[in-house]
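These protein sequences, in sequence, are chains A and B. Here the working numbering is used: the first residue of the first sequence is 1, the next is one more, and so on. Here the working numbering is used: the first residue of the second sequence is 1, the next is one more, and so on. Positions of the beta carbon are idealized from the N, C-alpha and C atoms, including for glycine. The structure appears right after this line, and notes come after that.
There are 2 protein chains.
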Amino acid sequence: MNISTKVMGRLARYRALLTDYFPKEKTHIFSHDLAAMMGLSASQIRRDLMCLGYFGVPRYGYEISELVKHINNVLDASKLHHVAVVGAGNLGRALMTFLESRRATLKIVAAFDDDPDKANRVLNGVPCFHMDLVEEVVKRDDIRIAILCVPGAVAQRVTDLLVKSGVKGILNFAPVPIRIPVGVVLEEIDLTSALERVAFFTNNRANAPKEKRHADR
Amino acid sequence: MNISTKVMGRLARYRALLTDYFPKEKTHIFSHDLAAMMGLSASQIRRDLMCLGYFGVPRYGYEISELVKHINNVLDASKLHHVAVVGAGNLGRALMTFLESRRATLKIVAAFDDDPDKANRVLNGVPCFHMDLVEEVVKRDDIRIAILCVPGAVAQRVTDLLVKSGVKGILNFAPVPIRIPVGVVLEEIDLTSALERVAFFTNNRANAPKEKRHADR
DNA sequence: TAGATTGTTAATCGATTAACAATC
DNA sequence: TAGATTGTTAATCGATTAACAATC
């Protein structure tokens, strides 16, 4: 089965919703109910769930515990990943706190920063090292994924260093696009442009894309 | 001209790149150079720029200052927006610092939090109020956009309050989807699922979507 | 049984890419 | 002029939605 980035992202969100924010006493859910909660169409939910190899029952819907179990199977096929936060400024430190312990399979094991004052201390529960030690620590701790929160001006340089050190996946919050070699996975989140996007559509209703709050049929 | 969310987001990124991270001495740029820097195709760049009403010159490319001016015209048609950060935890405070002063047209004028210790103080340069004052302050300061950084469990309740108070656009970082009425603009950024997405594709190369680093022809 | 919901296929929609005439 | 690059159209690709037979 070939799972696209979009489907994969939605599966993660279905799981989060069902495990963390759903009444424990409910055992089953219909595609249209999940759709309503997610702000998607029921068709899309059903299509997404097709990749799981788990099937609901007409009239009863999907059994939540089974559904979550199958999403786990697909998503966490990858076992435990060690993650590093690179750039321990405000954003980097906030992400350490926010992302740590959300997923058992993703563990933030190190932070890196240029600032000598931050090196060799524990910041937000994560040991912080000087940027000079990236290669050493990445190899030593088998760090596969980096969350990049450095200033735009050094983003590409730091990326090259991370890739050279063996990092295989990067989540980039720096405000510039970075280039990576084939074989490395990249996800870019541009916070500034996300805010600008909201602002733009906020009083340009004429341009606003149509709403996406559907019901089925 | 009808500009999609995607095009709009890319225009914002072109502008950021050209204004903040591009050598000052260069006056012109070709579509394929911008494409290489952004990790996109030249075709896509040219198509995106079509909505600007500004035209490049064959053989000379696009004049950067003019290009930026036209992107400004389109993107900031909306003039100044007042923005509030709702939920002044680690993430909220980091975003205050990170997003403030990035765009002259977007000004963070208030933060809100449930914690009485945070109320009536200035946090990261932004005056913080107790959540009880949302309606009053939003109206008083004409706040149009909210950056939502509250825990998932209260996200919908807080959203309803914001919308009732007159907020027209929401950038949601809470880890659950929220529902909004027609007429309000919503952008959701799920940080946890973004990280999970990187992790998933990081050692599932078979599933990885194809790379996107093209050249033209 | 009758009615509701599923899995899946076909149709639609939108976004990206390729191609190329125009043009500097 | 010749060659490179543009704007724009047509072709392709991928994602979403609609429709419906299967089925509980």
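Just tell me which of the options has its CA closest to the CA of residue i.
| i | options | result |
| --- | --- | --- |
| valine 154(A) | Val137(A), Leu123(A) and Ile178(A) | Ile178(A) |
| alanine 110(A) | Ser43(A), Glu187(A) and Val85(A) | Val85(A) |
| isoleucine 180(B) | Glu187(A), Val182(A) and Met38(A) | Met38(A) |
| isoleucine 71(A) | Arg59(A), Leu80(A) and Tyr54(A) | Tyr54(A) |
| arginine 10(A) | Asn203(B), Leu67(B), Ala194(B) and Ala199(B) | Ala194(B) |
| phenylalanine 201(A) | Ile189(B), Val185(B), Ala199(B) and Phe200(B) | Val185(B) |
| alanine 199(B) | Arg46(A), Ala16(A) and His81(A) | His81(A) |
| leucine 18(B) | Gly87(B), Leu67(B) and Val182(B) | Leu67(B) |
| arginine 140(B) | Lys79(B), Tyr62(B) and Val83(B) | Val83(B) |
| aspartate 142(B) | Val158(B), Ile108(B) and Leu123(B) | Ile108(B) |
| glycine 56(A) | Leu91(A), Val122(A), His32(A) and Ser41(A) | His32(A) |
| asparagine 220(A) | Arg46(B), Lys79(B) and Ile29(B) | Residue 220(A) cannot be examined here, being either before or after the span of chain A that is shown, 1 to 217. |
| isoleucine 45(B) | Phe112(B), Glu25(B) and Ala12(B) | Ala12(B) |
Exposed or buried, residue i, counting other C-beta atoms within 10 Å across all chains shown (16 or more means buried)?
| i | result |
| --- | --- |
| glutamate 196(B) | buried |
| lysine 168(A) | buried |
| threonine 27(B) | exposed |
| lysine 210(B) | Only weak support is given to the placement of lysine 210(B): the predicted model assigns it a pLDDT of 48, under 50, and the question is left unresolved by the model. |
| alanine 16(B) | buried |
| lysine 69(A) | exposed |
| glycine 183(B) | exposed |
| alanine 77(B) | exposed |
| asparagine 172(A) | buried |
Given this structure, state the Cα-to-Cα distance separating residue i from residue j, to the nearest angstrom.
| i | j | result |
| --- | --- | --- |
| serine 165(A) | leucine 133(A) | 10 Å |
| aspartate 160(B) | proline 175(B) | 16 Å |
| threonine 265(B) | arginine 144(A) | Residue 265(B) lies beyond the range of chain B shown here (1 to 217); nothing can be said about it. |
| glycine 103(B) | tyrosine 14(B) | Per the sequence shown, the amino acid found at residue 103(B) is arginine instead of glycine. Distance between the alpha carbons of arginine 103(B) and tyrosine 14(B): 14 Å. |
| histidine 214(B) | serine 43(B) | Reliability of the predicted coordinates at histidine 214(B) is poor, the pLDDT of 35 falling under 50, and the value obtained from them is presented with this limitation in mind. C-alpha separation (whole angstroms): 10 Å. |
| tyrosine 21(A) | leucine 34(A) | 12 Å |
| isoleucine 147(A) | alanine 94(B) | 15 Å |
| leucine 99(B) | isoleucine 170(B) | 15 Å |
| aspartate 48(B) | leucine 75(B) | 13 Å |
| aspartate 114(A) | valine 150(A) | 9 Å |
| glycine 125(A) | leucine 162(A) | 22 Å |
| tyrosine 62(B) | cysteine 51(B) | 14 Å |
| alanine 119(B) | cysteine 128(B) | 5 Å |
| alanine 36(A) | methionine 8(A) | 19 Å |
| threonine 192(A) | glutamate 187(B) | 12 Å |
| valine 138(A) | serine 4(A) | 29 Å |
| aspartate 117(B) | glutamate 135(B) | 20 Å |
| asparagine 73(B) | arginine 157(A) | 33 Å |
| alanine 88(A) | proline 58(B) | 44 Å |
| leucine 91(B) | leucine 91(A) | 7 Å |
| valine 130(B) | isoleucine 64(A) | The question names valine, yet the displayed sequence has histidine at residue 130(B). Rounded to the nearest angstrom, the two C-alpha atoms are 37 Å apart. |
| serine 41(A) | phenylalanine 30(A) | 12 Å |
| valine 122(A) | threonine 97(A) | 12 Å |
| asparagine 2(A) | phenylalanine 112(B) | 43 Å |
| serine 101(B) | glycine 152(A) | 15 Å |
Using DSSP bridges, identify the partner residues of residue i.
| i | result |
| --- | --- |
| lysine 107(B) | His82(B) |
| histidine 130(A) | Asp113(A) |
| tyrosine 62(B) | Ile29(B) |
| leucine 123(A) | Val126(A) |
| asparagine 172(A) | Leu148(A) and Glu188(A) |
Helix, strand or coil, according to DSSP, for residue i in the structure here?
| i | result |
| --- | --- |
| tyrosine 254(B) | An answer regarding residue 254(B) cannot be provided, because it is not within the stretch 1 to 217 covered by chain B. |
| phenylalanine 200(B) | helix |
| valine 137(B) | helix |
| alanine 146(B) | strand |
| valine 163(A) | helix |
| glutamate 299(A) | The requested residue 299(A) is not part of the displayed model; chain A covers only 1 to 217. |
| isoleucine 278(B) | Here chain B comprises residues numbered 1 to 217, so residue 278(B) is not present and cannot be evaluated. |
| glutamate 25(A) | coil |
| isoleucine 45(A) | helix |
| valine 154(A) | helix |
| glycine 87(B) | coil |
| valine 185(A) | strand |
| leucine 17(A) | helix |
| glycine 92(B) | helix |
| glycine 39(A) | coil |
| arginine 10(A) | helix |
| serine 193(B) | helix |
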